[in-house]
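**Student:** Using the numbering used here, the letters of the sequence shown map in sequence onto residues 53 to 592.
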Amino acid sequence: MARNLKENGMGTQTFLWGAAIVAFSHILVKVIGAVFKIPLDRFILHDEGIGIYNASYTIYNWLFVLSTAGLPVAISKMVSAACATGNYKEANRIFRIAKVLMFCLGLGGALLLFFGAGLFSELIHVSSTKYSIMVLAPSLFFTAMMSAYRGYTQGMNNMIPTAASEIVEALGKLCVGLGLASYCIGMGVEYGVAGAIGGVTIGTACGFVLLWIYNRVIQRRLKRQPVLSNGRVQTKGARAILKQLIVIAFPVTLGASVFTLSSLIDTVMINNQLAALGYKEMECASLFGYLSRAVTMFNVPPTVIAAISISVVPAISAAISTGQRHRAVETAKSALRITILFSFPCAVGLSVLAEPIFQFVYGDAAHSFLLNVMGLAVACVTLVQTGNAVLQAYGKVWTPVINMAVGGVVKVAVNLLLVSQPAININGAPIGTFLCYFTVMVLNLLAIKKVTGVTYEFSDFVIKPLFSILVMGAATMITYDFVLRAGMHYLFAMGAAICVAVIVYGAMILLVRCIKKEDLLLVPRGEKIYGALKRLHLMK
53 MARNLKENGM GTQTFLWGAA IVAFSHILVK VIGAVFKIPL DRFILHDEGI GIYNASYTIY
113 NWLFVLSTAG LPVAISKMVS AACATGNYKE ANRIFRIAKV LMFCLGLGGA LLLFFGAGLF
173 SELIHVSSTK YSIMVLAPSL FFTAMMSAYR GYTQGMNNMI PTAASEIVEA LGKLCVGLGL
233 ASYCIGMGVE YGVAGAIGGV TIGTACGFVL LWIYNRVIQR RLKRQPVLSN GRVQTKGARA
293 ILKQLIVIAF PVTLGASVFT LSSLIDTVMI NNQLAALGYK EMECASLFGY LSRAVTMFNV
353 PPTVIAAISI SVVPAISAAI STGQRHRAVE TAKSALRITI LFSFPCAVGL SVLAEPIFQF
413 VYGDAAHSFL LNVMGLAVAC VTLVQTGNAV LQAYGKVWTP VINMAVGGVV KVAVNLLLVS
473 QPAININGAP IGTFLCYFTV MVLNLLAIKK VTGVTYEFSD FVIKPLFSIL VMGAATMITY
533 DFVLRAGMHY LFAMGAAICV AVIVYGAMIL LVRCIKKEDL LLVPRGEKIY GALKRLHLMK
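#1: Given a threshold of 16 other Cβ atoms within 10 Å of its Cβ, counted over all protein chains shown, does Pro124 qualify as buried or as exposed?
#2: Taking C-alpha atoms, which residue in Thr451, Asn477, Ala527 and Gly539 lies nearest to Leu498?
#3: Please report how far the alpha carbon of Ile254 lies from the alpha carbon of Val433, in whole angstroms.
#4: Please report the distance separating the alpha-carbon of Met546 from that of Ser420.
#5: With a CB to CB cut of under 6 Å and the five nearest residues on each side skipped, what residues in its chain are close to Leu8?
#6: If you scan the region 290-334 from start to end, which runs of the alpha helix (DSSP H) of 4 or more residues do you find wholly inside it?
#7: Just tell me which of Leu157, Ala384, Ala417 and Ile104 has its CA closest to the CA of Phe172.
#8: For the putative contact between Ala431 and Phe396, defined by C-beta atoms under 8 Å, what is the C-beta separation to the nearest angstrom?
#9: Using DSSP with H/G/I as helix, E/B as strand and the rest coil, what is His98?
#10: To the nearest angstrom, report how far apart Ile176 and Ala292 are at their CA atoms.
#11: Only counting the same chain, and skipping five residues up and downstream in sequence, which positions put a Cβ closer than 8 Å to that of Val228?
#12: Nearest to Leu590 by alpha carbon, out of Phe394, Ala380, Ile561 and Ser361?
#13: If you run the structure through DSSP and keep just helix, strand and coil, what is Gln473?
#14: Looking at the structure shown, is Leu588 part of a helix, part of a strand, or coil, going by DSSP?
#15: If contacts are defined as beta-carbon pairs under 8 Å, then Val81 and Ala222 qualify, I think. What distance do you get, rounded to the angstrom?
#16: So Thr181 is in the alpha helix (DSSP H); what residue range does that whole segment cover?
#17: Restricting to Cα atoms, I'd like to know which of Arg565, Thr528, Ile515 and Ile300 is closest to Cys551.
#18: Among the candidates Gly70, Leu115 and Thr383, whose CA atom is the shortest distance from the CA of Leu306?
#19: Nearest CA to the CA of Tyr112: which residue from Thr137, Ile96, Ala189 and Leu92?
#20: Can you tell me which of the three DSSP states Ser281 falls into?
#21: Let me know if Ser511 comes out buried or exposed under the rule of 16 or more other beta-carbons within 10 Å of its beta-carbon.
#22: Do you know offhand how far Phe147's Cα is from Val131's?
#23: Where Asn282 and Lys288 are concerned, what is the direct C-alpha to C-alpha distance, given to the nearest angstrom?
#24: Rounded to a whole number of angstroms, what is the C-alpha to C-alpha distance between Val453 and Val304?
#25: Do you know how far the Cα of Tyr532 is from the Cα of Leu435?
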């Protein structure tokens, strides 16, 4: 299959090759996003405007998840399984049906968002979001359509179209959004926010056009592809495919919507509770803007590490479809282990360096405590992402739904308890986020053990990574304080601390042997890396 697809421009990648491609694009997208968001926050919209900007996204994200969350996973899984048996005709039929379905969902969601903008702005008690929500509405259609194309190419184990479209989308947002925001801000804060969000809509349109052009070129080549590698393979009918898409996608969508609905409730609850404490609407928007700043930083590592969860679904699905159960279990185990190795240091780094990060990015370290706590939740949310993907690949699509619903209840309960306290107020929100994702992480890991039979070696999954991270965290804090006390600028201290953290953590995971041979063999040029480390007696 891989050879035939490569001949037709649909080059396949291994699980971690694909993850590496998507991770690279996510890093680049985050850099572009920072170039967009930092000047937007500091010089154009400020606290009030950025609060309105993020409140608008709360509504959009909920409808976006309802329209698109489950279907890309379903498309990727079904296309991967079809291609694993050589049934390219069925893979293309799945894609055609998915496009029609996403067109209807995207258009319906966009119309609902546009005409319901006034109602939604009243729901979250931020009336200034109306125009922003209206401008954001068309992007729901474009992102829905992109989800169909991305799910199809991911199912082919080709992550390049996904990566390229994300980069184009981010560039469109940057180039158009800042210009429109600067032009419109003179008419009022809400118009400046609407201008910035206009860049988001233009960016999604550009990303969709790129995927459409790519697909047109590839489909011409795939018409010359042999329909089947084995004549005994049967192709499903349209009704059966549609039913299977919905059966797989519905629980995934429901599970994802639990968290976005929780975030929506979060927004409404926080604004209501702050108002009950005596804060005015614009003061609430400013405080919510501080929380949004922490959330922006919090979302960076999970967005990059999400590349693992995107790649793991087709990899495990293909292994199961071809009867390679042991390979599926080892892929799941490696995905979880690699997630731990990458996400835990990110969590500690964000938490330890929250104050200088806030000062550098936003020019103000006020409320950096929000990131101190929320940073630690990065370790949990990334394992939740990978855990959800593993469970979905094994067909246990309802398990993440139940687990995330439990986490959502925990989050709402903690917010009710803490945010209403005058001495705590907005500072209680990240505590709820941490406890929410920690709960889901534990439930997911227990479910994966039950479903796959995987064994979590306590030393490899807990002791060694935790010891490495504690040493790294201590070295980071000592370095930052030492350089700062020496009279250096905080930026120099932060840079030195990050460099020390990378060196110390890299040395520690090699010294305590956190990385396994099978993990490295999945990485691009893994055999050469393994050989070099073995010669240095850093691996067996």
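No residue lacks a Cβ here, since even glycine has one placed at the ideal position from N, Cα and C.
**Tutor:** Here's the rundown:
#1: Counting from 1 along the sequence shown, the entry for residue 124 is found at position 72. Buried is the call here.
#2: Here residue 498 refers to the residue found at position 446 of the sequence shown. Of Thr451, Asn477, Ala527 and Gly539, the residue nearest in Cα terms is Thr451.
#3: Numbered from 1 along the sequence shown, position 202 holds the residue referred to as residue 254. Numbered from 1 along the sequence shown, position 381 holds the residue referred to as residue 433. Cα-Cα distance, rounded: 30 Å.
#4: Mapped onto the sequence shown, residue 546 falls at position 494. Mapped onto the sequence shown, residue 420 falls at position 368. Going from the Cα of Met546 to the Cα of Ser420 covers about 15 Å.
#5: Given that the chain is displayed from residue 53 to residue 592, the structure contains no residue 8 and the question cannot be resolved.
#6: Runs of the alpha helix (DSSP H) inside the region 290-334: 290-328.
#7: Here residue 172 refers to the residue found at position 120 of the sequence shown. Nearest of Leu157, Ala384, Ala417 and Ile104 to Phe172, Cα basis: Ile104.
#8: Residue mapping note: residue 431 aligns to position 379 of the sequence shown, counting from 1. Residue mapping note: residue 396 aligns to position 344 of the sequence shown, counting from 1. At roughly 5 Å, the Cβ-Cβ gap stays under 8 Å, so Ala431 and Phe396 are in contact.
#9: Residue numbering aside, residue 98 sits at position 46 when the sequence shown is read from its first letter. In the structure shown, His98 sits in a helix (DSSP, three-state: H, G or I).
#10: The residue given as residue 176 occupies position 124 in the sequence shown. The residue given as residue 292 occupies position 240 in the sequence shown. In a straight line, the C-alpha of Ile176 is about 40 Å away from that of Ala292.
#11: Taking the first residue of the sequence shown as position 1, residue 228 is located at position 176. Once the five neighbours on either side are set aside, the close Cβ partners of Val228 are Gly250, Gly251, Ile254 and Gly255.
#12: Here residue 590 refers to the residue found at position 538 when the sequence shown is read from its first residue. The shortest Cα separation from Leu590 among Phe394, Ala380, Ile561 and Ser361 belongs to Ile561.
#13: Counting from one through the sequence shown, the residue named residue 473 turns up at place 421. DSSP places Gln473 in coil when its eight states are reduced to three.
#14: Position 536 of the sequence shown, counted from the start, is the residue given in the question as residue 588. Correct three-state label for Leu588: coil.
#15: Translated into the one-based positions of the sequence shown, residue 81 becomes position 29. Translated into the one-based positions of the sequence shown, residue 222 becomes position 170. Their Cβ separation, rounded to whole angstroms, is 4 Å, which keeps Val81 and Ala222 in contact under 8 Å.
#16: Within the sequence shown, the letter at position 129 stands for residue 181. No alpha helix (DSSP H) holds Thr181; DSSP gives it neither H nor E.
#17: As a first step, residue 551 is located in the sequence shown; it is residue number 499 there, counting from the start. Of Arg565, Thr528, Ile515 and Ile300, the residue nearest in Cα terms is Thr528.
#18: For the purposes of this step, residue 306 is identified with residue 254 of the sequence shown, where counting begins at 1. Nearest of Gly70, Leu115 and Thr383 to Leu306, Cα basis: Leu115.
#19: As a position in the sequence shown, residue 112 is number 60, starting the count at 1. Of Thr137, Ile96, Ala189 and Leu92, the residue nearest in Cα terms is Ala189.
#20: Taking the sequence shown and counting its residues from 1, the one referred to as residue 281 is at position 229. Here Ser281 scores only 48 on pLDDT, less than 50, and its place in the model should not be relied on; the value that follows carries that caveat. DSSP, reduced to helix, strand and coil, places Ser281 outside both helices and strands of the structure shown, so it counts as coil.
#21: Looking up residue 511 in the sequence shown gives position 459. Exposed, by the Cβ-count rule.
#22: The count along the sequence shown starts at 1 and reaches residue 147 at position 95. The count along the sequence shown starts at 1 and reaches residue 131 at position 79. Going by the C-alpha atoms only, they are around 8 Å apart.
#23: As a working note, residue 282 is residue 230 in the sequence shown. As a working note, residue 288 is residue 236 in the sequence shown. Note that Asn282 has pLDDT 48, beneath the 50 cutoff, so the model's placement of it is unreliable and the number below is only indicative. Looking at the two C-alpha atoms, the distance is approximately 15 Å.
#24: Along the sequence shown, one-based indexing puts residue 453 at 401. Along the sequence shown, one-based indexing puts residue 304 at 252. For Val453 and Val304, the distance between alpha carbons rounds to 7 Å.
#25: Start at 1 with the first residue of the sequence shown, and residue 435 comes out as number 383. Start at 1 with the first residue of the sequence shown, and residue 532 comes out as number 480. Each residue's alpha carbon lies about 28 Å from the other.
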